[in-house]
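Trainee:
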Amino acid sequence: MENRPEALIEEEYKTWRKNVKYMYDLVYTQTLKWPSPTVQWFPEVERKSDATTSQRILLTTFTDQREQEHVLIGRMGFPDIVDEDEKAGAQINFDIVQSMPVPAEINKAKYCPISTNLLACKTEEADVLVYDYTRHASFNSDVAPDERLRGHSEGGFALDWNKINFGHLVTGGRDKAICHFDINSGLIRKYGHHSEVVNAVSCSAFNPAVFASVSDDCSLVVVDTRNEEAAVVARKAHASSIEFVDFSPFRAELIATASSDKTIRVWDTRNTRSPVAVLRGHKGDVMTVKWSLHYESILASGSKDRRINIWDLNKSNAASGDASNELVFIHGGHANTVADFDWNPAEPIEIVSVCDSNFIHVWKIPIEDYI
């Protein structure tokens with residue numbers, strides 16, 4: 001689908017735009033100067049006296065070596081009440097409020113969940129770069145990383161902060177290695193459980209010693225850092241490369257994986273012989289999957305087919321035509337590969353998403369209509 005003629009993609013976009021008011025509680029779209037490979041809501045929300053709400057968003061740039069790369073902090077301003085006729089973005093504003101130069105192409109950036117002023121970047125450089133954005137001016141062209149974490153021999157995409165132990169993070173890369181870092185002391189340990197590129201890692205929200213990783217080698221590995229060997233290994237978790245992994249924020253044993261085989265799979269780490277659920281509905285490689293932060297059975301996925309699908313595991317685990325019955329909503333507003341998306345921790349069923357064609361979308365659906 002990603003190779004369809006531009007005219008057809010434009011026609012699909014126009015059709016989607018016409019139906020926004022029937023499908024969503026809110027939609028906002030904005031063109032960025034450069035595509036952002038990564039996006040994340042900050043959790044802090046500022047309620048203002050003029051009946052508006054302000055929330056920040058973490059972004060990065062991909063200039064394809066045409067300009068300096070930057071980590072960006074944007075601020076989104078929302079009215080507290082959106083009229084029926086204004087669902088397509090009226091009275092919503094978006095501004096970049098901080099920009100920090102980064103010395104290499106940025107593949108993934110995330111803030112520390114325990115101290116959101118700390119940002120980690122996984123880039124095309126081997127080192128993992130850490131910034132404290134509160135130590136730098138809003139727009140400064142001469143910013144160096146506050147920390148360089150050394151352990152990898154190549155760059156990559158895999159990065160996640162420990163959600164319980166302050167300053168700990170796990171990364172993976174093209175060197176097939178996984179590194180466990182402490183920003184105060186550097187490399188703690190290096191793991192070699194994969195035979196190909198490590199694409200993503202996810203730290204458990206329940207156990208600070210547990211993380212999961214996925215790779216081009218099609219395996220899902222769950223590691224307990226207190227042990228020498230991997231705690232769980234599913235060697236052929238998908239038919240082709242696994243692009244993303246995410247631990248459930250509600251149930252310690254559940255993990256979701258996304259693959260270039262166009263499926264999402266849900267696993268119980270107590271028994272990985274077969275997945276708990278296989279979700280079908282994408283027509284392109286699935287690049288991202290993330291659990292809802294507010295509803296235990298809900299997760300979303302982003303794909304090269306330009307779609308973000310929302311799934312409800314409480315629906316029957318069966319297929320209806322080419323799609324699983326768990327598929328409850330398709331966001332079809334992007335005109336290119338979905339690079340990343342993030343659930344808003346402050347607003348249930350609200351998502352920010354970015355694609356390879358410079359657009360950022362903020363959207364919310366009336367979840368009661370779908371679950």
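Residue numbers (UniProt numbering): 1 to 371.
Glycine residues also receive a C-beta, built at the ideal position from the N, C-alpha and C atoms.
For the segment 28 to 43 against the segment 92 to 107, do three or more pairs of beta-carbon atoms, one drawn from each stretch, fall closer than 8 Å, so that the two count as touching?
Mentor: The segment 28 to 43 is in contact with the segment 92 to 107.
Trainee: Give the straight-line distance between the Cα atoms of residue 365 and residue 20, rounded to the nearest whole angstrom.
Mentor: Mapped onto the sequence shown, residue 365 falls at position 365. Mapped onto the sequence shown, residue 20 falls at position 20. So the two alpha carbons sit approximately 10 Å from each other.
Trainee: Who are residue 191's beta bridge partners in DSSP?
Mentor: Taking the first residue of the sequence shown as position 1, residue 191 is located at position 191. Partner(s): 178.
Trainee: Within 10 Å of its beta-carbon, does residue 156 have 16 or more other beta-carbons around it, so buried, or fewer, so exposed?
Mentor: Translated into the one-based positions of the sequence shown, residue 156 becomes position 156. Classification for residue 156: buried.
Trainee: I'd like the list of long-range same chain contacts for residue 166, defined as Cβ closer than 6 Å, with 5 residues on each side in sequence excluded.
Mentor: In the sequence shown, counting from the first residue as 1, residue 166 sits at position 166. Only 114 meet the Cβ criterion.
Trainee: Under a Cβ-count criterion, where at least 16 other Cβ atoms within 10 Å of its own Cβ denotes burial, should residue 347 be classed as buried or exposed?
Mentor: In the sequence shown, the residue the question calls residue 347 occupies position 347. It is buried - the Cβ of residue 347 has at least 16 other Cβ atoms within 10 Å.
Trainee: Within 10 angstroms of the Cβ of residue 173, are there 16 or more other Cβ atoms? Answer buried if so, exposed if not.
Mentor: Taking the first residue of the sequence shown as position 1, residue 173 is located at position 173. Buried.
Trainee: Can you check DSSP and say which residues form a bridge with residue 69?
Mentor: Translated into the one-based positions of the sequence shown, residue 69 becomes position 69. Answer by DSSP bridge pairing, in chain order: 102.
Trainee: Among residues of its own chain, excluding the 5 on either side of residue 168, which ones have a beta-carbon nearer than 6 Å to its beta-carbon?
Mentor: Here residue 168 corresponds to residue number 168 of the sequence shown, with the count starting at 1. 162 and 182, listed in sequence order.
Trainee: Could you tell me how far apart the beta carbons of residue 217 and residue 196 are, in whole angstroms, since I believe they sit closer than 8 Å?
Mentor: Counting from 1 along the sequence shown, the entry for residue 217 is found at position 217. Counting from 1 along the sequence shown, the entry for residue 196 is found at position 196. Their Cβ separation, rounded to whole angstroms, is 4 Å, which keeps residue 217 and residue 196 in contact under 8 Å.
Trainee: According to the Cβ coordinates, are residue 58 and residue 111 closer than 8 Å?
Mentor: Translated into positions along the sequence shown, residue 58 becomes position 58. Translated into positions along the sequence shown, residue 111 becomes position 111. The answer is yes: Cβ separation under 8 Å.
Trainee: Just the Cα atoms here: how many angstroms apart are residue 264 and residue 149?
Mentor: Taking the first residue of the sequence shown as position 1, residue 264 is located at position 264. Taking the first residue of the sequence shown as position 1, residue 149 is located at position 149. Their backbone Cα atoms lie some 32 Å apart in a straight line.
Trainee: Using DSSP with H/G/I as helix, E/B as strand and the rest coil, what is residue 34?
Mentor: Taking the first residue of the sequence shown as 1, we reach residue 34 at position 34. Coil, per DSSP.
Trainee: Between the Cα of residue 193 and the Cα atoms of 205, 206, 185 and 179, which residue gives the shortest distance?
Mentor: The residue you call residue 193 lines up with position 193 of the sequence shown. It is 179.
Trainee: Answer with buried or exposed for residue 171, where buried requires no fewer than 16 other C-beta atoms within 10 angstroms of its C-beta.
Mentor: The residue given as residue 171 occupies position 171 in the sequence shown. Answer is buried; the Cβ neighbour count reaches 16.
Trainee: On the three-state DSSP scale, how would you describe residue 2?
Mentor: For the purposes of this step, residue 2 is taken as residue 2 along the sequence shown, with counting starting at 1. Model confidence at residue 2 stands at a pLDDT of 48, short of 50, so the residue's coordinates are unreliable; what they give is reported in the following sentence. Coil at residue 2, not helix or strand.
Trainee: With a 10 Å radius around its C-beta and 16 neighbouring C-beta atoms as the bar for buried, classify residue 97 as buried or exposed.
Mentor: Translated into positions along the sequence shown, residue 97 becomes position 97. By the 10 Å Cβ count, residue 97 comes out exposed.
Trainee: Going by alpha carbons, who is nearest to residue 93 out of 27, 303, 102 and 143?
Mentor: Within the sequence shown, numbered from 1, the residue matching residue 93 stands at position 93. It is 27 whose Cα lies nearest to the Cα of residue 93.
Trainee: I need the straight-line Cα distance from residue 367 to residue 151, nearest angstrom please.
Mentor: As a first step, residue 367 is located in the sequence shown; it is residue number 367 there, counting from the start. As a first step, residue 151 is located in the sequence shown; it is residue number 151 there, counting from the start. Approximately 43 Å, taken between the alpha carbons.
Trainee: For residue 16, which residues does DSSP report across the bridge?
Mentor: As a position in the sequence shown, residue 16 is number 16, starting the count at 1. In DSSP, residue 16 forms no bridge with anything.
Trainee: Answer yes or no: do residue 281 and residue 309 have a C-beta to C-beta separation smaller than 8 Å?
Mentor: The count along the sequence shown starts at 1 and reaches residue 281 at position 281. The count along the sequence shown starts at 1 and reaches residue 309 at position 309. Yes, the Cβ-Cβ distance between residue 281 and residue 309 is below 8 Å.
Trainee: If I measure Cβ to Cβ from residue 72 and keep anything under 6 Å in the same chain, skipping five residues before and after, which residues do I get?
Mentor: Here residue 72 corresponds to residue number 72 of the sequence shown, with the count starting at 1. For residue 72, where only same-chain residues beyond five positions count, the Cβ hits under 6 Å are 59, 96 and 99.
Trainee: How many angstroms separate the CA atom of residue 248 from the CA atom of residue 294?
Mentor: Counted from its first residue, the sequence shown places residue 248 at position 248. Counted from its first residue, the sequence shown places residue 294 at position 294. Rounded to the nearest angstrom, the two C-alpha atoms are 11 Å apart.
Trainee: Taking 7 Å as the cut-off, is the C-beta of residue 37 nearer than that to any heavy atom in the ligand GDP?
Mentor: Only the bare structure without any ligand can be found here, which leaves the ligand GDP out of the picture.
Trainee: Helix, strand or coil: how does DSSP classify residue 224 here?
Mentor: Here the question's residue 224 lines up with position 224 in the sequence shown. DSSP places residue 224 in strand when its eight states are reduced to three.
Trainee: For the segment 41 to 59 and the segment 5 to 15, state whether three or more C-beta atom pairs, one from each stretch, are separated by less than 8 Å.
Mentor: Output reads no: the segment 5 to 15 does not touch the segment 41 to 59.
Trainee: The beta strand (DSSP E) spanning residue 345 covers which residue range?
Mentor: Position 345 of the sequence shown, counted from the first residue, corresponds to residue 345. Segment: none, residue 345 is in no beta strand (DSSP E) and carries neither H nor E.
Trainee: Residue 213 and residue 158 look like a contact to me (Cβ under 8 Å); what is the Cβ gap, rounded to whole Å?
Mentor: Along the sequence shown, read from residue 1 onward, the residue named residue 213 stands at position 213. Along the sequence shown, read from residue 1 onward, the residue named residue 158 stands at position 158. With 8 Å as the limit, residue 213 and residue 158 qualify as a contact, their Cβ atoms being about 7 Å apart.
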